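>
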Amino acid sequence: MKKKFNIIFMGTPDFAVPSLKALNKYDCDISLIITQPDRPSKRGRKLTPSPVKITAQNLGFNNIIQPQTINDPEIIKKIKALNPDLFVVVAFGHKLFREILSIPCIYPINIHASLLPSYRGSSPIQAAILNMDKETGVTTIIMDENLDTGDILLSSRTYLSSHENYQDLHDRLSQMGADLIIKTLDGISKNQIKPRKQGQKNASFAPMLRKNHGKINWNIDSEKINSHVRAMTPWPGAFTYLNEKNIKIFKTKYKKDKTGFKPGTIFLCNKQGIHVAAGVGSVVILELQEASKKRLLSHEFLRGKKIEIGTIFDDYK
Numbered sequence: 191m192k193k194k195f196n197i198i199f200m201g202t203p204d205f206a207v208p209s210l211k212a213l214n215k216y217d218c219d220i221s222l223i224i225t226q227p228d229r230p231s232k233r234g235r236k237l238t239p240s241p242v243k244i245t246a247q248n249l250g251f252n253n254i255i256q257p258q259t260i261n262d263p264e265i266i267k268k269i270k271a272l273n274p275d276l277f278v279v280v281a282f283g284h285k286l287f288r289e290i291l292s293i294p295c296i297y298p299i300n301i302h303a304s305l306l307p308s309y310r311g312s313s314p315i316q317a318a319i320l321n322m323d324k325e326t327g328v329t330t331i332i333m334d335e336n337l338d339t340g341d342i343l344l345s346s347r348t349y350l351s352s353h354e355n356y357q358d359l360h361d362r363l364s365q366m367g368a369d370l371i372i373k374t375l376d377g378i379s380k381n382q383i384k385p386r387k388q389g390q391k392n393a394s395f396a397p398m399l400r401k402n403h404g405k406i407n408w409n410i411d412s413e414k415i416n417s418h419v420r421a422m423t424p425w426p427g428a429f430t431y432l433n434e435k436n437i438k439i440f441k442t443k444y445k446k447d448k449t450g451f452k453p454g455t456i457f458l459c460n461k462q463g464i465h466v467a468a469g470v471g472s473v474v475i476l477e478l479q480e481a482s483k484k485r486l487l488s489h490e491f492l493r494g495k496k497i498e499i500g501t502i503f504d505d506y507k
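Below you can see the structure in the form of structure tokens.
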């Protein structure tokens, strides 16, 4: 007979939502949901609940807490009193210390958006696109005190499309993570999963991205620039400067043909887009946005703004 697990779920952003929904349909008891406190929104600064809190409330849960720190003694006491079998942690945003990680009777499980040990850290999805990987995936691990280094339970692989941007891949992997956590719980209940060490041979790290990481380097290969744009869309956003004005780039395609122009030079504007010389080949800008203006297709942008051929995207900071 399958054990009905007592689970504490910890998660915060959109990536965690499919996993919470999957657990809600699974034959388990979610005794507590822990998410980050409401934060000021980008516009208006109104306090806004996390996607996990909104989803949990919509599903009818009232056992939701939002501690400033998960390692508060009163929170630890509350968690211990629930005697959970498992933690399921998905993009929670708080570091769990040893005292908390030792609470579950079975495992504290984390869902990570890479094929560990590749891309430990907070930006694995962007890293896979930036490095033009052919495949990526999700992994369930037993959490330890270090960052994404715990023993692997299961993993699931998928091919990475050359057209996917960060948001596209994020949405796919979040659903894959939800499917994998259910498969992991089934495997644990049937004693069919043998945890395995990650090892260090293929380990890599994907650190947190900042806004400045979105800046385009026109001196590199056009294919790499295209991957950069996909990895940074929608956040932190790929950008460059035109006459000292910030220009966000949302969608591009690349060509390998030699141009003979200095990298960053706009050498052609037509129905296809805005053609820019790269270190190798060229990039065709398809969608862009000038600061404080609307996001536009390139031909719409060109109708309202004349760009002189030979103009160079500058290095303004």
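Residue numbers (the working numbering): 191 to 507.
For each residue, glycine too, the CB sits at the ideal point set by N, CA and C.
These numbers come from a predicted model, not from an experiment.
Assuming Ser221 and Asn196 make a contact with CB atoms under 8 Å, what is their CB distance in whole Å?
5 Å between Cβ atoms; contact.
> With Val419 as the anchor, note down where its beta strand (DSSP E) starts and where it stops.
Segment 412 to 421 is the alpha helix (DSSP H) holding Val419; no beta strand (DSSP E) there.
> Leaving out the 5 sequence neighbours to the left and right, which residues in its chain are closer than 6 Å to Asn300 when beta-carbon positions are compared?
Excluding sequence neighbours, Asn300 sits near Val279, Ile331, Met333.
> How about Leu486 and Leu478: do their beta carbons lie closer than 8 Å?
Result yes, Cβ atoms of Leu486 and Leu478 sit closer than 8 Å.
> Have a look at Gly340 and Ala246 and give me their C-alpha separation to the nearest angstrom.
Looking at the two C-alpha atoms, the distance is approximately 28 Å.
> How close, in whole Å, do the beta carbons of Phe277 and Pro298 come, if the pair is a contact with beta carbons under 8 Å?
Going by Cβ atoms, the distance from Phe277 to Pro298 rounds to 4 Å, so yes, they are a contact pair.
> By the 10 Å Cβ neighbour count, where 16 or more other Cβ atoms means buried, how is Tyr349 classified, buried or exposed?
It counts as exposed.
> Look up Ile296 in the DSSP assignment and say whether it is helix, strand or coil.
Coil at Ile296, not helix or strand.
> Tell me, which residues are paired with Asn436 by DSSP?
According to DSSP, which records beta bridges pairwise, Asn436 is partnered with Tyr431.
> Hey, out of Pro314, Phe503, Lys483, Thr501, whose CA is closest to Gly494's CA?
Taking only the C-alpha atoms, the option nearest Gly494 is Lys483.
> Using beta-carbon positions only, say whether Pro208 and Pro241 come within less than 8 Å of one another.
No, the Cβ-Cβ distance between Pro208 and Pro241 is not below 8 Å.
> Hey, would you say Leu305 sits closer than 8 Å to Ser345, going by beta carbons?
In contact: Leu305 and Ser345 (Cβ atoms closer than 8 Å).
> Would you mind stating whether Phe205 and Ser364 have Cβ atoms separated by less than 8 Å?
The answer is yes: Cβ separation under 8 Å.
> Quick check: the region 390 to 399 against the region 308 to 316, are there 3 or more CB pairs under 8 Å?
As far as the Cβ criterion goes, the region 390 to 399 touches the region 308 to 316, which means the pair count is three or higher.
> Using 8 Å as the cut-off, can you tell me whether the region 399 to 409 makes contact with the region 289 to 297, which would need three or more C-beta pairs spanning the two stretches below that distance?
Counting Cβ pairs under 8 Å, fewer than three are found: no touch.
> Within the continuous beta strand (DSSP E) that includes Ala467, where are the two ends?
Ala467 -> beta strand (DSSP E) spans 463 to 467.
> Does the structure place the region 404 to 422 close enough to the region 437 to 452 that three or more beta carbon pairs sit under 8 Å?
Contact holds: three or more Cβ-Cβ distances are below 8 Å.
> Ignoring anything shorter than 3 residues or poking outside the region 295 to 355, list the beta strand (DSSP E) runs there in chain order.
You should have 297 to 302, 325 to 332, 342 to 349.
> Answer with buried or exposed for Pro227, where buried requires no fewer than 16 other C-beta atoms within 10 angstroms of its C-beta.
Its Cβ having fewer than 16 others within 10 Å, Pro227 is exposed.
> Using three-state DSSP, classify Glu498 as helix, strand or coil.
Reduced to three states, the DSSP call for Glu498 is coil.
> May I ask you to list the residues that DSSP assigns as paired with Ile255?
Its beta-bridge partners are Ile224.
> Helix, strand or coil: which one does DSSP assign to Asn460?
Note: Asn460 maps to strand in three-state DSSP.
> Where do the N-terminal and C-terminal ends of the alpha helix (DSSP H) with Gln247 fall, by residue?
Unbroken alpha helix (DSSP H) run through Gln247: 241 to 248.
> Does DSSP classify Thr238 as helix, strand or coil?
It is a strand residue.
> From this set, Asn460, Asp262, Gln256, Val470, which residue's C-alpha is nearest Thr238's C-alpha?
It is Gln256.
> For Trp408, count the other beta carbons within 10 Å of its own beta carbon; 16 or more makes it buried, fewer makes it exposed. Which is it?
Looking at its Cβ environment, which holds 16 or more other Cβ atoms inside 10 Å, Trp408 is buried.
> Are the CB atoms of Glu498 and Lys435 nearer to each other than 8 Å?
No. Outside cutoff.
> Just reading off the beta strand (DSSP E) that Ala399 is part of, what are its end residues?
Residue identity check: residue 399 is Leu in the sequence provided, not Ala. First-last for Leu399: undefined, no H or E at that position.
> Buried or exposed: where does Asp275 fall if 16 or more other Cβ atoms within 10 Å of its Cβ makes it buried?
Asp275 comes out buried.
> Do you know offhand how far Lys452's Cα is from Gly471's?
Whole-angstrom Cα-Cα distance: 11 Å.
> Grab the span of the alpha helix (DSSP H) containing Ser209 for me, first residue to last.
It spans 207 to 215 - the alpha helix (DSSP H) in which Ser209 sits, taken as one unbroken run.
> State the beta-bridge partners of Thr455 as determined by DSSP.
DSSP output for Thr455 lists Ile502 as bridge partner(s).
> What is the DSSP secondary structure of Ile383, counted as helix, strand or coil?
Reduced to three states, the DSSP call for Ile383 is coil.
> Going straight from the alpha carbon of Cys295 to that of Asn273, what length do you get?
Cα to Cα, the separation comes out at about 7 Å.
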